[in-house]
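Undergrad: The listed protein sequences derive, respectively, from chains A and B. Going by our numbering, the first residue of the first sequence is number 6, and it counts up by one from there. Going by our numbering, the first residue of the second sequence is number 11, and it counts up by one from there. Note that the Cβ used here is the ideal one computed from N, Cα and C, for glycine as well. Note that this is a predicted model, so its numbers are computed, not measured. First, the structure itself, so that you have it in front of you.
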Amino acid sequence: MNIVVLVKQVPDSGLARRLDEQLRVDRNGANNVMGELDEYAVEAALQLKEAHGGEVTVVTVGPDQASDTVRKTLAMGADKAVHVVDDAIAGSDALATSKILAAALGRLEYDLIVAGAESTDSGMGVMPHLLAARLGVPAATGVRKIELDGDGIKVEHQRDNGYDVLTASLPAIVSVWDTINTPRYSSLKGIMAAKRKPVETLSLSDLGIDPSEVGAGAAATEVRSATDRPERTAGQIVADEGEGGRALAEFLAVEKFI
Amino acid sequence: MADILVYVPNSGKSAAETLTLGRSLGQVSAVAFDDSAASLAAEYGAAKVYRVTAEGADDYFVDPKASVLIDLAGRVGPDAFLLPGTDEGRALVARLAVALDSGFLTDVSGLDAEGTATQDIFAGATVTTSKITKGINLATVKPGAVNAEPAPAEPETEAVDAAVAETDKRVKIAERVDEPAGDRPGLAEADVVVSGGRGVGSAEDFALIERVADALGGAVGASRAATDAGYYPHKFQVGQTGTTVSPQLYVAAGISGAIQHRAGMQTSRVIVAVNKDVDAPIFGMSDFGVVGDLFQVLPQALEEIEKRK
Ligand SMILES: Cc1cc2nc3c(=O)[nH]c(=O)nc-3n(C[C@H](O)[C@H](O)[C@H](O)COP(=O)(O)OP(=O)(O)OC[C@H]3O[C@@H](n4cnc5c(N)ncnc54)[C@H](O)[C@@H]3O)c2cc1C
Ligand SMILES: Nc1ncnc2c1ncn2[C@@H]1O[C@H](COP(=O)(O)O)[C@@H](O)[C@H]1O
């Protein structure tokens, strides 16, 4: 079974994040890490490979430094990677990124594509369905369990008040939540082995995409302004010396919640 | 007057909010797949309802509805197409964007007649304004961001009969498993959310959190540490990888306030925290906090709430 995992490098969500002067996500001043849910996608792919054989290929679209994220996936156990990098990609919107990813995927043979349910920076959760539309491949997204089921897959799609069991034929796209597994740490051996694993670096021209079709110039959405929301500040904090519960109820009453 | 299409999946609060936002932009035509959605559309001021019957659509994931919406959008040619910012809404907006070759925005908290949208990014730390520069104003609306206001109307109804294409039958819903939350309101839609964290210490003791939630008519939430420890089911997780809530009141008990948790609740109007650690980051963002043991503070608060009711 050939599995492709989509990973995106993002600014660490544990630290302050900002937009740069061009109102794009500042990736230079940030500590960049693999998208948090994408680690679960990598783990899900590795577990499927371990159970059923095959190969795991990682695909990412991102700047030079995204090679750190690629290395990390190889150290975890992915077999090879495709990294699309081109200066003309900067400022692309989700539609353009999906065009690039679809072209990169078009050069690969795959049975299953695994993505994160949403990226940590944009949080849009749209890429798997943009790709499904472009590639004509079925998508079963937001899942907490993946099983092979005959020639297809069976997944559990998580929703607010329960879950749906979905079945789909292959090839298919799935996206995963953090409820699906616990991502492994890479071993020292894995980190060493990663150095010898093949990483194919592709430009837009390798993919037959004209630079004018992507990047800031082609974006169909435009950020016009960004303002920092004033940080919330502490209000009244009281120590419980036997009356804390009553003080809490009093506050709720003043605020008209009771 | 601008023509606004609104996808109304059900009679839930986020559907009502999306209709309300649509109405502020122009004349709303709602797309409803069932009667409850159609009546909600009428209650929230739709001028027209496309009442779709697509035999068998409910047995498949996303694709049949996506095809119906793409067809309708092509036929109607709206100025804007709004969908609730649920997982389904995000899936559908992506399908529409590719089919219509239109720019799109997700989770907008506002949209004006000029097409300027506001969004909260970076877990609510930054507010942006954006514009779609190509195609129509295609967007999902962040649950809880708009105040739903009824405006009863008598919409014209057009029946739409749609057949489900074979290519839309590739992802089958083999089974639906409901895990009802009892009588409590849905987490994403609740006006009050009472959440417990690792400090609650056990599944049994979450009953205390439930009692506080019930006393305030709210939903129960949990931090990831609490769901990971099995104290409360995963689907109640609030935060970056759980549900984003924006209630009038958020009560955090035994929750430290890690950035990933804050990401899911920091746009709540009023935040209250109970934590025995005075240095817990949650206090830095709370309107009211009690430094103390939640097993002392909450039962006393409950007693007082019952008394005052
Ligand atoms: C990729 C990723 C995604 C994540 N997504 C989420 C998410 O969506 N939601 C989320 O919540 N977390 C998320 N996290 C986890 C997050 O980083 C924290 O680990 C988690 O929020 C901590 O939960 P907690 O506050 O309950 O536990 P802790 O940080 O352990 O805090 C427990 C608190 O309870 C207090 N306490 C203990 N006993 C009592 C008592 N008897 N009375 C009063 N107070 C008491 C303690 O003082 C402490 O402050 C994510 C992490 C990662 C890496
Ligand atoms: N630039 C990218 N390169 C590779 N994968 C991506 C990229 N952007 C998004 N993805 C994948 O799509 C998922 C959802 O992203 P998003 O729609 O941006 O929230 C991510 O978790 C990744 O798996």
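Short check: CB of A/V4 to CB of A/T65, under 8 Å?
TA: Residue 4 of chain A falls outside the range modelled here, since chain A spans only 6 to 263, and no answer is possible.
Undergrad: Within 7 Å: the Cβ of B/I331 and any heavy atom of ligand 1?
TA: This structure cannot settle anything about residue 331 of chain B, because the visible part of chain B is limited to 11 through 319.
Undergrad: In angstroms with no decimal places, state the Cα-to-Cα distance between A/V160 and B/K179.
TA: Residue numbering aside, residue 160 of chain A sits at position 155 when the first sequence is read from its first letter. Residue numbering aside, residue 179 of chain B sits at position 169 when the second sequence is read from its first letter. Those two C-alpha atoms are separated by around 16 Å.
Undergrad: Is A/N37 near ligand 1, going by C-beta to nearest heavy atom under 7 Å?
TA: Numbered from its first residue, the first sequence carries residue 37 of chain A at position 32. Incorrect: A/N37 has no Cβ contact closer than 7 Å to ligand 1.
Undergrad: Give the DSSP bridge partners of A/E60, in chain order.
TA: By 1-based counting over the first sequence, the position of residue 60 of chain A is 55. Bridge partners of A/E60: A/N7.
Undergrad: Counting only C-beta atoms, is A/V228 closer than 8 Å to chain B at any point?
TA: Taking the first residue of the first sequence as 1, we reach residue 228 of chain A at position 223. Judged by the 8 Å Cβ criterion, A/V228 is in contact with chain B.
Undergrad: Identify, in the order they occur along the chain, each residue of the same chain with its Cβ nearer than 8 Å to the Cβ of B/A158, setting aside the five sequence neighbours on each side.
TA: In the second sequence, residue 158 of chain B corresponds to position 148, counting from 1. Cβ neighbours of B/A158 beyond the five flanking positions: K23, A26, E27, L29, T30 and Y54.
Undergrad: What residues from the segment 23-34 of chain B come within 7 Å of chain A, judged by C-beta to C-beta, listed N to C?
TA: Answer set for the segment 23-34 of chain B: empty.
Undergrad: Taking C-alpha atoms, which residue in A/E123, A/V204, A/V75 and A/A173 lies nearest to A/D156?
TA: Position 151 of the first sequence, counted from the first residue, corresponds to residue 156 of chain A. Comparing Cα-Cα distances from A/D156 to each of A/E123, A/V204, A/V75 and A/A173, the minimum goes to A/A173.
Undergrad: Between which two residues does the alpha helix (DSSP H) harbouring A/S103 extend?
TA: As a working mapping, residue 103 of chain A is identified with position 98 in the first sequence. Its alpha helix (DSSP H) spans residues A99 to G111.
Undergrad: Please confirm if B/F216 has its CB atom under 8 Å from at least one CB of chain A.
TA: Here residue 216 of chain B is taken as the residue at index 206 of the second sequence, counted from 1. Chain A, which has no Cβ nearer than 8 Å to the Cβ of B/F216, makes this no.
Undergrad: Using only alpha-carbon positions, find the residue among A/M6, A/I242 and A/R22 that is nearest to B/D130.
TA: Counted from its first residue, the second sequence places residue 130 of chain B at position 120. Considering only alpha carbons, the answer is A/R22.
Undergrad: Among the candidates A/L136, A/S97, A/N186 and A/N166, whose CA atom is the shortest distance from the CA of A/A221?
TA: The residue given as residue 221 of chain A occupies position 216 in the first sequence. Of the candidates A/L136, A/S97, A/N186 and A/N166, the one whose C-alpha sits nearest the C-alpha of A/A221 is A/S97.
Undergrad: For chain A, check one thing: does any of its Cβ atoms lie closer than 8 Å to the Cβ of B/V41?
TA: The residue you call residue 41 of chain B lines up with position 31 of the second sequence. B/V41 does not count as touching chain A.
Undergrad: Our contact map puts B/G134 next to B/Q276 with C-beta atoms below 8 Å; I'd like the distance itself, whole angstroms only.
TA: Here the question's residue 134 of chain B lines up with position 124 in the second sequence. Here the question's residue 276 of chain B lines up with position 266 in the second sequence. Yes, B/G134 and B/Q276 are in contact; Cβ-Cβ is about 5 Å, under 8 Å.
Undergrad: Exposed or buried, what is A/Y115 when buried is set at 16 or more other beta-carbons lying within 10 Å of its beta-carbon?
TA: Residue 115 of chain A sits at position 110 when you count from the first residue of the first sequence. Burial call: buried.
Undergrad: Assuming B/A48 and B/R61 are in contact, meaning their beta carbons sit under 8 Å apart, how far apart are those beta carbons, in whole angstroms?
TA: Your numbering for residue 48 of chain B matches position 38 in the second sequence. Your numbering for residue 61 of chain B matches position 51 in the second sequence. With 8 Å as the limit, B/A48 and B/R61 qualify as a contact, their Cβ atoms being about 5 Å apart.
Undergrad: Can you pull the chain A residues whose beta carbon is under 7 Å from the beta carbon of B/Q37, in chain order?
TA: The residue given as residue 37 of chain B occupies position 27 in the second sequence. Within 7 Å Cβ-Cβ: nothing; B/Q37 doesn't reach chain A, min ~24 Å.
Undergrad: For the segment 86-96 of chain B against the segment 199-209 of chain B, do three or more pairs of beta-carbon atoms, one drawn from each stretch, fall closer than 8 Å, so that the two count as touching?
TA: Result no; under three Cβ-Cβ pairs closer than 8 Å.
Undergrad: For A/L24, return the contacting residues in chain B, with the cut-off set at a CB-CB distance below 9 Å.
TA: Taking the first residue of the first sequence as position 1, residue 24 of chain A is located at position 19. Going along chain B in sequence order, the residues near A/L24 (Cβ under 9 Å) are I131, F132, T136 and T138.
Undergrad: If you compare alpha carbons, which of A/S18, A/V38, A/D17 and A/I8 is closest to A/V47?
TA: What you label residue 47 of chain A is simply residue 42 of the first sequence in a count that begins at 1. When each option's Cα is compared against that of A/V47, the closest is A/I8.
Undergrad: Using only the alpha-carbon positions, how far apart do B/S256 and B/A200 sit?
TA: Your numbering for residue 256 of chain B matches position 246 in the second sequence. Your numbering for residue 200 of chain B matches position 190 in the second sequence. Each residue's alpha carbon lies about 8 Å from the other.
Undergrad: Looking at B/I14 and B/L92, is the spacing between their C-beta atoms short of 8 Å?
TA: Here residue 92 of chain B refers to the residue found at position 82 of the second sequence. Here residue 14 of chain B refers to the residue found at position 4 of the second sequence. In this structure, B/I14 lies closer than 8 Å to B/L92 by Cβ.
Undergrad: Only counting the same chain, and skipping five residues up and downstream in sequence, which positions put a Cβ closer than 6 Å to that of A/Q163?
TA: Reading the first sequence from its first residue, position 158 is the one you call residue 163 of chain A. Result list for A/Q163: G147, R149 and W182, in chain order.
Undergrad: Keeping to the same chain, check which residues put their C-beta closer than 6 Å to that of B/A262; ignore five residues upstream and five downstream.
TA: Within the second sequence, the letter at position 252 stands for residue 262 of chain B. S205, A283 and I292, listed in sequence order.
Undergrad: How many Å lie between A/E260 and B/F246 at the Cα?
TA: Numbered from its first residue, the first sequence carries residue 260 of chain A at position 255. Numbered from its first residue, the second sequence carries residue 246 of chain B at position 236. The alpha-carbon atoms of A/E260 and B/F246 are separated by roughly 26 Å.
Undergrad: Taking the runs of the beta strand (DSSP E) that are 3 residues or longer, which of them lie wholly in the segment 90-173 of chain B?
TA: The qualifying runs are 90-94, 114-121, 126-131, 136-142, 147-151 and 166-171.
Undergrad: Helix, strand or coil, according to DSSP, for B/F305 in the structure here?
TA: By one-based count along the second sequence, residue 305 of chain B stands at place 295. In this structure, B/F305 counts as helix in the three-state DSSP scheme.
Undergrad: So the candidates are A/N36, A/A252, A/S217 and A/R251; which of them puts its Cα closest to the Cα of A/A126?
TA: For the purposes of this step, residue 126 of chain A is identified with residue 121 of the first sequence, where counting begins at 1. Checking the sequence shown, residue 126 of chain A turns out to be Asp, not Ala. For the residues A/N36, A/A252, A/S217 and A/R251, the minimum Cα distance to A/D126 belongs to A/N36.
Undergrad: Measuring alpha carbon to alpha carbon, tell me which of B/T143, B/G249 and B/V108 ends up nearest A/A225.
TA: For the purposes of this step, residue 225 of chain A is taken as the residue at position 220 of the first sequence. If we check each option's Cα against that of A/A225, B/T143 comes out closest.
Undergrad: Please list, in chain order, the chain B residues whose beta carbon lies closer than 7 Å to that of A/S217.
TA: In the first sequence, the residue the question calls residue 217 of chain A occupies position 212. Here the premise fails: no neighbours, minimum Cβ distance about 14 Å.
Undergrad: Out of B/A175, B/D89, B/A184 and B/T63, point me to the one whose CA is closest to B/L121's CA.
TA: If you number the second sequence from 1, residue 121 of chain B lands on position 111. Checking every option, the nearest Cα to that of B/L121 belongs to B/D89.
Undergrad: Taking the alpha helix (DSSP H) that B/T30 falls in, what are its first and last residues?
TA: Taking the second sequence and counting its residues from 1, the one referred to as residue 30 of chain B is at position 20. Here the alpha helix (DSSP H) through B/T30 covers K23 to R33.
Undergrad: Are the segment 296-307 of chain B and the segment 233-249 of chain A touching by the rule of at least three beta carbon pairs closer than 8 Å?
TA: Touching, per the Cβ criterion.
Undergrad: Please classify A/K200: is it buried, with 16 or more other beta-carbons within 10 angstroms of its beta-carbon, or exposed?
TA: Against the first sequence, residue 200 of chain A aligns to sequence position 195. By the 10 Å Cβ count, A/K200 comes out exposed.
Undergrad: B/S112 touches chain A at which residues, Cβ-Cβ below 8 Å?
TA: As a first step, residue 112 of chain B is located in the second sequence; it is residue number 102 there, counting from the start. Near B/S112 (Cβ distances below 8 Å), the residues of chain A are A225.
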